[in-house]
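FYI, the working numbering numbers position 126 of the sequence shown as 114, with every residue one higher than the one before it. Glycine included, every Cβ here is placed at the ideal spot set by N, Cα and C. Structure, as structure tokens:
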Amino acid sequence: MDSDNLLGEFLRARRELTTPEQVGLLPAGSRRTPGLRREEVAMLAGVSTDYYIRLEQGRERHPSERVLGALMQVLNLSTDAAAHMHQLAHPGPRQSRTAERPARVKPALVRLIRSWPYTPAIVTSRWMDVLASNQMADALYDGLKHRDNLLRLIFLNPDSRRFYRDWEESARTKVAQLRAIAGADLDDPHLTELVGELSLKSTDFRRMWARHEVSSENVATKRFRHHDVGDLTLTYEVFNINGSPGQKLIVFQAEPGSPSAHALDLLGSLAALTSP
């Protein structure tokens, strides 16, 4: 990953995803490249074309708040994407790299999630490594390879396309969340290793990573297809764990009384029967 021109790469990717119709421009003949032209973004943002080109090329690294606000409007950025753009434009000091201890989950938290007989729950690291899970989560993800990391699971396991009923949306969300987590800190060796592996092995990951989409979504509904209990529609919620930087608790629930709730109860009963 080239971390020397993060703002420029972000602007270029978002420009190429913005159509003339989205910003009220009439089509002007065929286009050799997707999205808006640089001069169109410059005009709509109220800056010179030369200045905007310097932004994309990394020769201008300190845009004003007015310029960033104008670009947010032109590129139709979400709140998360706008915050990400500001972070890239005004990065903090580089973090010092020291040898990290293996991430450990607090024993009390492990005991808590393992006391939930019908609620799938997992604890993940900053880069979506699965650090702990309960019996229900193990049953939900049963039979899937690469369960040690949620990104590896969805991109490197062909069976994930059946498990995630909305695979494209789920995969794009995971990549957007990784962008949000990373921010301007793309020098982290764990992130570099993960992105390098996924880029090498998955064309879909390379495509989605290049979009520079950003999301800090903490509550969402996902649809799964389980080999034992069939289709499930579950809401997941993500909680930050105080005192354990980067660690997150992810909890899945079904709408009470719904077919998914009954399927989740059945999955819990099956898991209880097969547990040692």
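- Note on the segment 189 to 230: whole beta strand (DSSP E) runs with a minimum of 3 residues are 207 to 214 and 218 to 228, in chain order.
- Collapsing the DSSP output to three states places valine 239 in a strand.
- With contact defined as three or more Cβ pairs closer than 8 Å, the segment 155 to 170 and the segment 193 to 213 are in contact.
- Leucine 166: member of the alpha helix (DSSP H) spanning 155 to 170, first to last residue.
- Secondary structure of tyrosine 39 (DSSP, three-state): helix.
- When the alpha-carbon of alanine 208 is set against those of Leu254, Thr221 and Asp176, the nearest one is in Thr221.
- Taking C-alpha positions only, arginine 0 is separated from tyrosine 129 by approximately 37 Å.
- Going by beta carbons, alanine 96 and isoleucine 238 fall outside the 8 Å limit.
- Counting only residues of its own chain and dropping the five nearest sequence neighbours on each side, arginine 150 has a CB closer than 7 Å to the CB of Arg213.
- Ranked by Cα distance from glutamate 53, the options Ala77, Asn64 and Thr67 are led by Ala77.
- In the DSSP annotation of this structure, the continuous segment of the beta strand (DSSP E) that includes threonine 112 starts and ends at 109 to 112.
- Remark: C-beta atoms of valine 118 and leucine 139 do not approach each other more closely than 8 Å.
- Of all alpha-carbon atoms in Val62, Glu9, Gln10 and Pro8, the one lying nearest the alpha-carbon of glycine 34 is that of Val62.
- Between leucine 261 and valine 217, the gap from beta carbon to beta carbon reaches 8 Å or more.
- In this structure, glycine 46 sits away from glycine 80, with a CB-CB distance that is not shorter than 8 Å.
- Between aspartate 126 and arginine 211, the C-beta spacing is not below 8 Å.
- In summary, glutamine 123 is buried, with 16 or more beta-carbon neighbours lying within 10 Å of its beta-carbon over all protein chains present.
- Non-local C-beta neighbours of alanine 70 in its own chain, meaning closer than 6 Å and more than five positions away in sequence, comprise Met60, ordered along the chain.
- Burial state of arginine 92 is exposed, judged by a 10 Å Cβ sphere holding fewer than 16 other Cβ atoms.
- Counting along the chain, the unbroken beta strand (DSSP E) around serine 121 starts and ends at 118 to 121.
- Straight across, the Cα-Cα distance linking threonine 191 with tryptophan 115 is about 20 Å.
- Sequence-distant partners of glutamine 165 (beyond 5 residues in either direction) whose C-beta falls short of 6 Å from its own C-beta, in its chain, are Ser203.
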